[in-house]
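No gaps in the numbering here: position 116 of the sequence shown is 115 in numbering that gives the first Met the number 0, and each next residue is one more. The structure appears below as structure tokens.
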Amino acid sequence: MRKRFTSMALLVGLLIFLVSSVNALTKGIYITQSTLENTKLITYLIENAKKVGITTFVVDMDKPSKRYQQNIALLKQNNIIYVARVVVFPGGATPDLMHSMSYREKKYALVQTAVNYGANQIQLDYIRYNTKQPPSSHNAEDVLAVIQWFKDKLAAQNIPLQIDVFGIASFGESRYIGHNIPLFAKTVDVLCPMVYPSHYEPFREHAVTPYETVLTSLKHVRKQFNNNTPFKLNPYIELSNYRYPLSHEKKMKYIYAQIQAVQDSGADGWYAWSPHNYYDLLFKVMAAYPVK
Numbered sequence: 000m001r002k003r004f005t006s007m008a009l010l011v012g013l014l015i016f017l018v019s020s021v022n023a024l025t026k027g028i029y030i031t032q033s034t035l036e037n038t039k040l041i042t043y044l045i046e047n048a049k050k051v052g053i054t055t056f057v058v059d060m061d062k063p064s065k066r067y068q069q070n071i072a073l074l075k076q077n078n079i080i081y082v083a084r085v086v087v088f089p090g091g092a093t094p095d096l097m098h099s100m101s102y103r104e105k106k107y108a109l110v111q112t113a114v115n116y117g118a119n120q121i122q123l124d125y126i127r128y129n130t131k132q133p134p135s136s137h138n139a140e141d142v143l144a145v146i147q148w149f150k151d152k153l154a155a156q157n158i159p160l161q162i163d164v165f166g167i168a169s170f171g172e173s174r175y176i177g178h179n180i181p182l183f184a185k186t187v188d189v190l191c192p193m194v195y196p197s198h199y200e201p202f203r204e205h206a207v208t209p210y211e212t213v214l215t216s217l218k219h220v221r222k223q224f225n226n227n228t229p230f231k232l233n234p235y236i237e238l239s240n241y242r243y244p245l246s247h248e249k250k251m252k253y254i255y256a257q258i259q260a261v262q263d264s265g266a267d268g269w270y271a272w273s274p275h276n277y278y279d280l281l282f283k284v285m286a287a288y289p290v291k
């Protein structure tokens with residue numbers, strides 16, 4: 000009888016573990032190439048990320064290097080998912096650059112290097128026109144063609160594709176830069192809208208309502224698909240508002256409000272953005288507040 004009870008308890012425990020694993024949100028942080036190549040620093044970030052349940056590092060791939068490859072091995076040894084971030088058009092493309100096959104091949108060389116280093120997924124950022132481009136729905140069609148080109152190459156290797164889009168595209172097509180989420184939907188595996196409260200006007204209003212800003216943006220993304228997105232939704236959140244300095248305590252609440260909003264929106268996870276990779280406050284927030 001005792002054996003049967005023990006076996007049943009183990010089975011229930013296993014089922015709970017499996018369900019929680021399936022339902023767990025993706026939690027990740029952005030890492031520059033220089034941070035990755037600093038062995039002491041990346042080891043510190045790995046150790047502290049694991050303590051609070053962060054399982055994904057989005058790492059810049061700017062150029063191949065032996066140190067980069069060596070330290071990706073550290074991520075793998077610690078069961079950290081390696082998403083390689085490649086900036087396609089820094090500052091946004093001109094029409095000539097958008098249609099340049101030689102430029103595209105140059106960027107794909109970085110993508111393939113990351114795949115060879117063990118990238119689990121590829122994330123394309125700045126895959127858009129610059130803001131000086133005249134507004135047109137053709138802009139999004141041009142961007143889609145570039146996304147599809149990368150997607151075809153990665154699909155042949157079973158590597159999922161992520162793309163970053165402006166947060167404002169959550170509410171509809173951005174005809175200047177060429178971001179149209181419904182148009183891109185069938186071409187991407189993960190969509191990463193940059194829902195930074197500091198980037199929404201009026202700036203002061205959104206600075207003090209981070210929860211509402213992030214939640215509303217993500218709900219509008221899902222609304223475009225009747226709440227059934229054909230891709231995973233992993234938005235970027237920010238760890239500070241560069242327009243309005245915050246106290247230590249208010250900054251913690253600012254971060255947690257965004258995490259709460261992602262959890263409540265039905266999204267699949269989040270990536271935290273810190274341009275200089277300062278994540279101690281994020282680690283503190285995740286240790287102090289309930290995070291799914």
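From the three backbone atoms N, C-alpha and C, an ideal C-beta is built for every residue, glycine too. Keep in mind the model is a prediction, meaning the values are calculated, not measured.
With residue i as the anchor, note down where its beta strand (DSSP E) starts and where it stops.
i	result
Ala271	Gly268 to Trp272
Thr55	Thr55 to Asp59
Pro181	First-last for Pro181: Ile180 to Phe183, but that is the alpha helix (DSSP H), not the beta strand (DSSP E).
Ile176	Premise fails: Ile176 is in no beta strand (DSSP E) and is neither H nor E.
Tyr235	Tyr235 to Glu237
I believe residue i touches residue j by the beta-carbon criterion, under 8 Å. Please report the beta-carbon distance rounded to the nearest angstrom.
i	j	result
Thr55	Lys26	7 Å
Ser169	Ser216	4 Å
Gln111	Val82	Not a contact, Cβ separation roughly 15 Å.
Gln132	Tyr175	6 Å
Ser197	Asn240	4 Å
Glu36	Arg66	4 Å
Tyr235	Leu245	Contact flag wrong, Cβ pair sits at about 19 Å.
Gln122	Val57	6 Å
Asn70	Thr31	12 Å between Cβ atoms; not a contact.
Arg127	Gly166	Between Gly166 and Arg127 the Cβ distance is about 13 Å, and since that is not below 8 Å, they are no contact.
Gln156	Val114	6 Å
Provide the residue span of the alpha helix (DSSP H) that contains residue i, from first to last.
i	result
Ala48	Thr38 to Lys50
Thr31	First-last for Thr31: undefined, no H or E at that position.
Val187	Premise fails: Val187 is in no alpha helix (DSSP H) and is neither H nor E.
Ala83	Segment Ile80 to Val86 is the beta strand (DSSP E) holding Ala83; no alpha helix (DSSP H) there.
Tyr253	His247 to Ser264
Tyr102	Met100 to Asn115
Glu204	Phe202 to Ala206
Thr228	Unbroken run through Thr228: none, as it is neither H nor E.
Val284	Asp279 to Ala287
Asn70	Lys65 to Gln76
Val220	Pro209 to Lys222
Leu96	Pro94 to Met97
Are there 16 or more other CB atoms within 10 angstroms of the CB of residue i, so buried, or fewer, so exposed?
i	result
Asp163	buried
Asp124	buried
Glu237	buried
Lys105	exposed
Pro89	exposed
Val207	exposed
Tyr255	buried
Tyr277	exposed
Ala286	exposed
Leu281	buried
Pro181	exposed
Phe202	exposed
Tyr288	exposed
Asp279	exposed
Pro134	exposed
Arg242	exposed
Tyr43	exposed
Gly171	exposed
His247	exposed
Thinking C-alpha only, which one of the options is nearest residue i?
i	options	result
Ile146	Gly166, Glu200, Met97 and Lys39	Met97
Asn227	Arg127, Lys218 and Gly166	Lys218
Pro159	Asp188, Tyr199 and Ser101	Asp188
Ala48	Asn77, Asp59, Ser136 and Gln68	Asn77
Phe230	Gln156, Pro289, Gly268 and Glu140	Gly268
Pro63	Ile45, Leu44 and Val85	Val85
Ile80	Leu143, Gly91 and Tyr29	Tyr29
Tyr116	Gln68, Ile41, Glu204 and Val213	Gln68
Thr93	Val51, Asn138, Val220 and Asn233	Asn138
His275	Leu24, Asn70 and Ile41	Ile41
Asp263	Lys50, Ser33, Phe224 and Glu211	Glu211
Pro209	Met251, Lys39, Gly177 and Leu73	Met251
Ser99	Ala72, Asp141 and Lys150	Asp141
Val194	Phe183, Gly177, Ala155 and Val261	Val261
Lys150	Ala184, Asp59, Gly171 and Gly177	Ala184
Cys191	Lys249, Tyr243, Gln223 and Ala271	Ala271
Asp61	Gln259, Gly177, His247 and Ser33	Ser33
Ala72	Ile53, Tyr107, Lys249 and Ala118	Ala118
So that I know if they touch, is there some Cβ in chain B lying closer than 8 Å to that of residue i?
i	result
Leu160	The displayed structure is made up of one protein chain only, and chain B is not part of it.
Is the closest heavy atom of the ligand FMN to the C-beta of residue i under 7 Å?
i	result
Phe165	No copy of the ligand FMN appears in this structure; indeed no ligand is present at all.
(message) As an exercise, report each continuous beta strand (DSSP E) stretch of at least 3 residues that is fully enclosed by the segment 122-172, in chain order.
(response) For secondary structure counted as the beta strand (DSSP E) over 3 or more consecutive residues, the segment 122-172 holds these complete runs in sequence order: 160-165.
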